[in-house]
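Visitor: What follows is a single structure, and I will ask about it in a moment.
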Amino acid sequence: MEALVNTLSVDTGEDRLAGEFGLSGPVLAEAVELREALRGALLAHAGHPQPPGSLATLNRLLSGAPLAVTLTPDGVASLTPTGPPTLTTRMAQAVAESLAAGTWPRLKACAAEDCQWAYYDRSPAGRGRWCTMSVCGSRAKMRTYRARTAEA
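Residues 41 to 192 in our numbering are what the sequence shown lists, from first letter to last.
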């Protein structure tokens with residue numbers, strides 16, 4: 041999921057989705073829609089407002105993914121595609137696996153409006169806001185500091 045969301049560099053506008061996945065036409069349009077809907081969910085995980093319509097879009101796209109529960113001889117359950125695997129099917133499978141593992145809430149999007157990079161929050165309390173504290177977190181804290189000192 042992180043790799044898909046991070047195919048767009050928000051600050052530069054560079055979009056690597058078509059080149060990295062070899063998509064075009066309606067398939068590319070659906071992949072872009074899926075990527076941005078996932079970004080909305082990850083923004084919500086980090087405590088930011090979701091873009092309007094992103095939750096409905098994500099639910100619509102993932103609900104159409106044909107997956108079936110399969111069991112291994114030792115009783116481990118997993119979801120597997122019932123048809124040809126597509127990007128949407130793989131993302132639905134990844135979301136389900138992340139939910140089962142309890143890691144879904146820790147997948148987040150950076151709070152920096154010019155970044156919004158997807159990342160896994162490894163902070164002990166699960167309250168991380170930035171993809172990297174050394175870059176985006178530092179910039180945000182510096183902006184807050186400068187605004188506070190300018191008022192004084």
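For glycine and all other residues, C-beta sits at the position ideal for the given N, C-alpha and C.
On the three-pair Cβ rule with 8 Å, is the region 143–155 touching the region 86–94?
Guide: With the cut-off at 8 Å, the region 143–155 and the region 86–94 touch.
Visitor: Tell me where the alpha helix (DSSP H) around A132 begins and ends.
Guide: L127 to A141
Visitor: Per the DSSP calculation, D55 is bridged to which residue(s)?
Guide: L48
Visitor: Could you tell me the distance, in whole angstroms, from the CA atom of E42 to the CA atom of A158?
Guide: CA-CA distance, E42 to A158, rounds to 5 Å.
Visitor: Can you pull the DSSP bridge partners for T122?
Guide: In the DSSP output, where bridge partners are listed per residue, T122 has none listed.
Visitor: Does the region 130–140 touch the region 90–107, meaning 3 or more C-beta pairs lie closer than 8 Å?
Guide: In short, these stretches touch, since the Cβ pair count reaches three.
Visitor: Please report the Cβ distance between C171 and V50, rounded to the nearest whole angstrom; I am assuming they are in contact, meaning their Cβ atoms lie under 8 Å.
Guide: C171 to V50, Cβ: 11 Å. No contact.
Visitor: Which residue marks the beginning of the alpha helix (DSSP H) containing L74, and which one marks its end?
Guide: G65 to H85
Visitor: A108 lies in the alpha helix (DSSP H); which residues open and close that run?
Guide: Careful: A108 lies outside any alpha helix (DSSP H), inside the beta strand (DSSP E) at L107 to L111.
Visitor: Taking 7 Å as the threshold (C-beta atoms), are T126 and S118 in contact?
Guide: no
Visitor: The alpha helix (DSSP H) that contains A190, what's its start and end?
Guide: S178 to E191
Visitor: May I ask you to report which of helix, strand or coil DSSP gives A96?
Guide: The DSSP-derived three-state label of A96 is helix.
Visitor: I need the boundaries of the beta strand (DSSP E) containing G158, first residue and last residue.
Guide: The sequence shown places Ala at residue 158, rather than the Gly named in the question. Where A158 is concerned, the enclosing beta strand (DSSP E) stretches over A158 to Y160.
Visitor: Within its chain, find whatever has a CB closer than 7 Å to the CB of L161; leave out the 5 residues flanking it on each side and keep chain order.
Guide: Sequence check: residue 161 is Asp here, not Leu. Excluding residues within five positions, the ones whose Cβ falls inside 7 Å are R146, K148 and G168.
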